[in-house]
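Report on the structure given below.
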Amino acid sequence: MDDPIEIRTFLGEENVTRQQVRAWEARRAEAVLEKFAARLGRRGVAELLPDFTIGRALDAPLDVQREALTIMKTGLGHAGIYALLKRELAISERMSRVGVAASRGRVKYSVIRLHVPHYSAQRFADWFNNLTISNAEVDMVDATPDHYLLRGLPDGRQEVVETTGGSPTASRFLVDYTRTEALTIPADPDYPIQIAGQAVLDDGLVIGGVRHQFRDRDGALEALLTCQFPGSLPARLIHQHQWHLASEFSNWMVAAAPTAATA
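For the sequence shown, the tail end lands on 350 under this note's numbering, and the numbers increase by one without skipping.
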């Protein structure tokens, strides 16, 4: 399906096409569909997707696959997602704690840039912030196959269950958008719109964070999107998370086009 807007994507200094981003997303969609098939079985899948088998989903276009995954994830509910990923989440939490300890304060960044002509940075930022404020879980989960659960908590933090970049397991963490003291990602004064917060485990251990920066320039949105990770994380996972960022934010920008596009 053709996008209603043009999105130029830069992974570090590498210019990649929208087709390449969608190809990466398609591979992840296939992997997650196969995980659902293995863990839910035929009857479990049929309960969530009547008259639509995993086999049919694997042969379907990417946008149909994304819709099928979102239906299954929301159909399972929060408890079902926890149960589906119970072992993965336990393993990833242990890995996160070991990674933070081994890093001894060192960090690495996963960075991409997006350029979207005829698009408003402020309108997109308002739309994106409203996803969290209104707790629009379906829109947040639908952005990429590796999202399993994104929701606002009563204390204002955001709970995230996702496969981060090239990790072999899904992880769970909380993002606190009111705290940034643990972030070392520099705030660029040329980007006046900032969305930043630190990622923590339930006991408050900081495992990373985000600083997403936006500006309007010559009638286009320019986004500088950065995730901070423990320095012990392998370079491959950092690079794969660039594709994750490109996938989720490109899809969010397409979804926000009726509000944020200016032409």
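Glycine included, C-beta positions come from ideal geometry on N, C-alpha and C.
Residue i, enclosing beta strand (DSSP E) - first and last residue
| i | result |
| --- | --- |
| SER337 | That residue, SER337, is in no beta strand (DSSP E); its alpha helix (DSSP H) goes 322-342. |
| ASP277 | ASP277 -> no beta strand (DSSP E), and no H or E assigned at all. |
| ASP303 | 293-304 |
| GLU249 | 245-249 |
| ALA113 | Here ALA113 belongs to no beta strand (DSSP E); instead the alpha helix (DSSP H) covers 105-135. |
| LEU145 | First-last for LEU145: 141-146, but that is the alpha helix (DSSP H), not the beta strand (DSSP E). |
| TYR235 | 234-239 |
| LEU263 | Per the sequence shown, residue 263 should be read as Asp rather than Leu. Start and end: 258-263. |
Assigned exposure category for residue i - 16 Cβ within 10 Å defines buried
| i | result |
| --- | --- |
| VAL225 | exposed |
| SER258 | buried |
| GLY252 | buried |
| ARG115 | buried |
| ALA283 | buried |
| LEU240 | exposed |
| VAL185 | exposed |
| LYS160 | buried |
| THR271 | exposed |
| THR346 | exposed |
Opening and closing residue of the alpha helix (DSSP H) in which residue i lies
| i | result |
| --- | --- |
| PHE215 | 208-220 |
| ASP226 | 224-228 |
| ILE168 | 149-171 |
Straight-line Cα distance separating residue j from residue i
| i | j | result |
| --- | --- | --- |
| ILE325 | GLY243 | 28 Å |
| LEU156 | THR349 | 31 Å |
| ARG109 | GLN281 | 26 Å |
| ILE94 | VAL103 | 10 Å |
| PRO148 | ASP138 | 17 Å |
| ALA310 | LEU292 | 28 Å |
| ALA286 | THR265 | 11 Å |
| THR219 | GLN209 | 16 Å |
Contact set for residue i: own chain, Cβ-Cβ below 7 Å, skip 5 residues either direction
| i | result |
| --- | --- |
| GLY318 | SER190, ARG193, VAL194, LYS195 |
| LEU136 | ALA155, ILE158, MET159 |
Chain-order list of residues whose beta-carbon lies under 6 Å from that of residue i (same chain, five-residue window excluded)
| i | result |
| --- | --- |
| SER197 | CYS314, ILE325, HIS328, GLN329 |
| GLN152 | ALA116, ALA144 |
| ILE141 | LEU120, ALA124, VAL132 |
| THR256 | GLU175, ILE178, SER179 |
Contacts around residue i, its chain only, beta-carbon distance under 8 Å, and the 5 residues preceding and following it disregarded
| i | result |
| --- | --- |
| GLU154 | ASP229 |
| LEU332 | SER197, ILE199, LEU312, CYS314 |
Beta-carbon separation (whole angstroms), residue i vs residue j, contact threshold 8 Å
| i | j | result |
| --- | --- | --- |
| SER183 | ILE294 | 5 Å |
| PHE336 | LEU201 | 6 Å |
Any non-hydrogen atom of the ligand NAD within 7 Å of residue i CB
| i | result |
| --- | --- |
| SER197 | By its list of ligands, the structure shown contains no ligand whatsoever, and the ligand NAD lies outside what it can speak to. |
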